[in-house]
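*Asks:* Quick note: the sequence shown uses the numbering used here, first residue 350, plus one each step. The beta carbon of each residue, even a glycine, is placed where N, CA and C say it ideally should be.
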Amino acid sequence: MTQNNKKLKNFLINSVLNNNNSVKFNDEEKNNLQILRGEKTDKTLIYIGAGTCGLGAGADKTRAKAEKFLAQNNIDAQIIETGCIGLCAYEPIMDIHLPGFNRISFCKVTADKVDDILKNIFELSVPNADILGQFTSDSRAWENINDINEHNFFKPQKRIVLQNCGLINPVKIEEYIAKGGYSNYLKAIKKYKSTEICDIVEQSGLRGRGGGGFLTGKKWKFAANQASEQRYLICNADEGDPGAFMDRAVIEGDPHRLIEGMAIAAYGIGASKAYIYIRAEYPLAIKRLKIAIAQAQEYGIIGENIYDSNVNFEIKIKMGAGAFVCGEETALIHSIEGKRGMPRPRPPFPAIKGLFGKPTIINNVETFANVPDIIKNGHQWFSSIGTQGSKGTKVFALSGNVKLTGLVEVPMGTSLRDVIFNIGGGINFDKKFKAVQIGGPSGGCITNENLDIAIDYDSLIKVGAMMGSGGLVVMDEDTCMVDVAKFFMDFIQRESCGKCIPCREGTKRMLEILQNITKKPINNSEALERFNGILQLERIAQTIKDTSLCGLGQTAPNPVLSTLKWFKHEYEEHIFERKCSANICTELRTFNINVDACTGCHVCVKKCPTNAIIGSPKSAHFIIEDKCIGCGTCQTVCKFDAISISK
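#1: Under a three-way DSSP split, which group does MET761 fall into?
#2: Whose C-alpha, out of GLN729, LYS996, GLN786, GLY792, is nearest the C-alpha of SER748?
#3: Ends of the beta strand (DSSP E) at ILE666?
#4: Name the DSSP beta bridge partners of MET824, please?
#5: Here's a check: name, in chain order, each residue in its chain whose Cβ is nearer than 8 Å to the Cβ of PRO721, leaving out the five neighbours to either side.
#6: Going by C-alpha to C-alpha distance, which of ASN654, ARG628, TYR631 sits closest to SER621?
#7: Can you tell me which of the three DSSP states LYS568 falls into?
#8: Closer than 6 Å: is that where the CB of ASP801 sits relative to any heavy atom of the ligand SAM?
#9: Nearest by alpha-carbon distance to LEU765: which of LEU800, GLY735, GLY557, GLY602 is it?
#10: Within 10 angstroms of the Cβ of TRP569, are there 16 or more other Cβ atoms? Answer buried if so, exposed if not.
#11: Do you know how far the Cα of ALA420 is from the Cα of ARG489?
#12: Going along the chain, which unbroken runs of the alpha helix (DSSP H) with 4 or more residues stay wholly within the stretch 686–739?
#13: Excluding the five sequence neighbours on either side, which residues of its own chain have a C-beta within less than 6 Å of the C-beta of ARG558, listed in chain order?
#14: Taking 6 Å as the limit between beta carbons, can you name the residues of its chain near THR763, skipping five residues before and five after?
#15: Just verifying my parser: in three-state terms, what is the DSSP assignment at GLU653?
#16: Taking DSSP as the reference, what is the three-state secondary structure of THR459?
#17: Output needed for ILE978: all residues of its chain with C-beta closer than 7 Å, excluding positions within five of it in sequence on either side, in chain order.
#18: Just checking my contact of LEU582 with ILE618 at CB under 8 Å: how many whole Å lie between their CB atoms?
#19: From this set, PHE471, THR565, GLY387, GLU545, which residue's C-alpha is nearest ASP487's C-alpha?
#20: Expressed to the nearest angstrom, what Euclidean distance is found between the alpha-carbon atoms of LEU633 and MET595?
#21: Exposed or buried, what is SER658 when buried is set at 16 or more other beta-carbons lying within 10 Å of its beta-carbon?
#22: By Cβ distance below 7 Å, which residues in the same chain neighbour TYR631 in space, the five residues on each side in sequence not counted?
#23: Just the Cα atoms here: how many angstroms apart are GLU578 and GLY690?
#24: Helix, strand or coil: which one does DSSP assign to GLU430?
#25: Give the DSSP-derived three-state secondary structure of ALA961 in the structure shown.
#26: Just curious, the beta strand (DSSP E) that LYS869 is in, first and last residue?
#27: Note down, in chain order, each residue of its chain lying with its Cβ closer than 7 Å to the Cβ of THR982, except the 5 sequence neighbours on either side.
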């Protein structure tokens with residue numbers, strides 16, 4: 350540990366804890382502290398958004414081009430990789446912080462744009478590029494550039510969990526500490542009894558952000574009150590919902606926040622050992638998490654007798670194999686124990702008898718990430734945000750047919766309309782909104798009729814949806830809701846652990862019914878089976894909900910029941926008219942050949958897999974509808990636009 354880092358360590362325990370600066374900094378050290386906080390810089394810093402989304406958009410190529418420019422022009426500058434700031438649709442994002450100037454942020458910075466941006470910035474002129482805004486500080490402002498927080502995407506948000514994501518170097522603990530990080534943990538173990546921590550979190554109204562929405566502090570007390578020499582804490586970072594990426598982004602962008610939240614929680618319940626259960630498909634998050642844990646150990650945050658408090662704390666990482674069922678608490682515990690990830694009946698609940706038979710608390714990343722600020726600002730501050738039954742903020746992964754995809758953090762009580770149309774910018778290509786799937790495979794659809802509903806746990810349940818972990822998949826007018834239900838049911842059926850019959854066999858039967866109604870019947874027997882199937886769908890769904898072993902099975906039918914409730918006419922159209930208006934269900938599509946445009950080139954005849962096209966060369970061709978499977982190969986190969994889908 351360097352001498353400067355030792356100063357920071359002393360600053361952490363003495364200065365921040367008591368607001369009593371017993372550690373004296375000289376001017377140079379004060380300057381270094383301001384630099385670590387991002388308030389100023391003494392050398393040029395180039396920040397590249399290098400979360401998974403940024404790298405997928407080409408951030409690695411952007412960085413390589415920036416490095417090449419600096420080398421060719423002999424410029425002394427440092428390139429720093431950050432996590433995602435949340436605006437995934439505008440990646441790659443590159444910020445530049447010149448000495449004496451505000452940090453300025455550019456979006457959609459592909460490699461071909463780097464040279465022009467850097468050349469102009471180093472000449473102190475604003476380039477003709479996509480600018481997100483500047484980070485206002487006491488430094489010199491860039492003329493005619495708005496504060497980034499005034500951007501339509503960021504302005505309505507209240508960022509607690511995401512406050513550091515995209516701004517700090519996620520693998521530099523010094524920056525986290527300089528911004529007050531870990532001071533809340535030390536405040537907890539130095540100033541409060543463990544029971545008081547549970548009280549504060551309960552009084553704040555924080556509810557679990559992983560789906561169930563149970564009061565976090567109350568849950569912690571169940572474990573804390575158990576007579577046991579050993580208790581365990583587990584962070585569920587498995588995040589298996591399609592369209593969800595909140596936990597991954599938080600860990601990639603601000604891993605120390607998670608560690609601090611877990612450390613506070615462990616102290617609150619009297620646990621000395623913790624696990625982070627994270628899916629192996631998150632290699633970047635795992636890499637940064639390992640670095641952060643090692644740094645926390647170096648600073649004495651993790652270890653034995655932390656800062657002479659008699660508090661011990663250690664964290665281990667357990668990588669999951671990507672099984673959706675391991676998001677369920679008891680299945681997750683079995684996986685950590687080295688067993689097959691399968692749920693067990695409850696009670697006893699994990700808080701009473703969990704990992705290795707000991708009291709265990711399991712929360713997800715977002716839940717823990719809220720805890721440091723609750724200790725910092727008090728339970729009244731947190732409970733003043735949100736609604737009567739749902740306090741604080743909620744992070745959502747906004748994806749699908751929306752203009753601005755990314756991570757959004759808003760106060761509970763914000764309407765879905767505000768999230769989709771104000772923050773998200775509305776529907777792609779200005780098409781009509783149709784529905785938004787909230788809560789992943791366990792959730793349901795919200796239609797335009799309920800788009801102004803306040804986002805909180807109770808309101809969503811009333812309209813047949815649920816908060817879930819926070820996935821928001823937006824769908825436009827061209828979406829087939831029967832196909833959406835089939836997608837989620839296919840996912841659930843494949844991910845079922847198979848332990849209980851209702852989930853294993855019931856979801857299989859529901860999927861078969863959905864598959865039948867999205868294809869044409871070959872004979873009268875199949876037509877009758879399609880009709881009988883849809884009559885059974887709701888009864889099977891209710892049986893699964895009532896008799897499945899775990900919460901995942903009990904909520905498995907929700908997407909089907911939700912789409913049946915709000916889009917029954919689409920099911921009827923598929924069954925009775927054998928038609929999909931959105932032309933998504935390929936086996937219900939019918940194609941027409943425009944005889945005036947057809948040249949008889951015979952290419953479609955050769956490529957048709959079912960010999961459904963007839964016609965002589967150089968004369969108009971025709972499609973035999975009974976043989977056509979709607980694959981669209983003929984339309985793809987036709988060079989004369991003579992083949993179209995029937996409306």
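*Replies:* Considering the structure as presented:
#1: By one-based count along the sequence shown, residue 761 stands at place 412. Note: MET761 maps to coil in three-state DSSP.
#2: Walking along the sequence shown from the start, residue 748 turns up at place 399. Nearest C-alpha to SER748: GLN786.
#3: Residue mapping note: residue 666 aligns to position 317 of the sequence shown, counting from 1. From DSSP, the beta strand (DSSP E) with ILE666 extends over 663–669.
#4: Your numbering for residue 824 matches position 475 in the sequence shown. ALA784.
#5: Position 372 of the sequence shown holds residue 721. Only GLY530, ASN533, TYR534, ARG606, GLU609, GLY610, ILE613 meet the Cβ criterion.
#6: Along the sequence shown, one-based indexing puts residue 621 at 272. Ranking the options by Cα distance to SER621, first place goes to ASN654.
#7: Looking up residue 568 in the sequence shown gives position 219. In the structure shown, LYS568 sits in a helix (DSSP, three-state: H, G or I).
#8: In terms of ligand content, the structure shown is empty, and the ligand SAM therefore cannot be addressed.
#9: As a first step, residue 765 must be located in the sequence shown, where it is residue number 416. Put simply, of LEU800, GLY735, GLY557, GLY602 the residue whose alpha carbon is nearest the alpha carbon of LEU765 is LEU800.
#10: One-based indexing of the sequence shown puts residue 569 at position 220. Buried, by the Cβ-count rule.
#11: Numbered from 1 along the sequence shown, position 140 holds the residue referred to as residue 489. Numbered from 1 along the sequence shown, position 71 holds the residue referred to as residue 420. Here the alpha carbon of ARG489 sits roughly 27 Å from the alpha carbon of ALA420.
#12: 714–726, 728–732
#13: Taking the sequence shown and counting its residues from 1, the one referred to as residue 558 is at position 209. The answer, listed in chain order, is ASN713, GLU715, THR716.
#14: One-based indexing of the sequence shown puts residue 763 at position 414. Taken in chain order, the residues that qualify are ILE804.
#15: Here the question's residue 653 lines up with position 304 in the sequence shown. Note: GLU653 maps to coil in three-state DSSP.
#16: Counting from 1 along the sequence shown, the entry for residue 459 is found at position 110. Coil, per DSSP.
#17: Working through the sequence shown from its first residue, we reach residue 978 at position 629. Residues GLU936, THR959 of the same chain have their beta carbon placed closer than 7 Å to that of ILE978, with the five preceding and five following residues left out of the count.
#18: For this step, residue 582 is matched to residue 233 along the sequence shown. For this step, residue 618 is matched to residue 269 along the sequence shown. Between ILE618 and LEU582 the Cβ distance is about 7 Å, and since that is below 8 Å, they are a contact.
#19: Here residue 487 refers to the residue found at position 138 when the sequence shown is read from its first residue. ASP487 has its Cα closest to that of GLY387, out of PHE471, THR565, GLY387, GLU545.
#20: Within the sequence shown, the letter at position 284 stands for residue 633. Within the sequence shown, the letter at position 246 stands for residue 595. One C-alpha to the other measures close to 14 Å.
#21: As a first step, residue 658 is located in the sequence shown; it is residue number 309 there, counting from the start. The residue in question, SER658, is exposed, as its Cβ has fewer than 16 Cβ neighbours within 10 Å.
#22: Counting from 1 along the sequence shown, the entry for residue 631 is found at position 282. So the list reads ARG597, once near-sequence residues are dropped.
#23: Looking up residue 578 in the sequence shown gives position 229. Looking up residue 690 in the sequence shown gives position 341. Distance between the alpha carbons of GLU578 and GLY690 is about 26 Å.
#24: As a first step, residue 430 is located in the sequence shown; it is residue number 81 there, counting from the start. In this structure, GLU430 counts as strand in the three-state DSSP scheme.
#25: As a first step, residue 961 must be located in the sequence shown, where it is residue number 612. DSSP, reduced to helix, strand and coil, places ALA961 outside both helices and strands of the structure shown, so it counts as coil.
#26: Taking the sequence shown and counting its residues from 1, the one referred to as residue 869 is at position 520. Element bounds for LYS869: n/a, residue is neither H nor E.
#27: Numbered from 1 along the sequence shown, position 633 holds the residue referred to as residue 982. So the list reads LYS956, CYS957, PRO958, once near-sequence residues are dropped.
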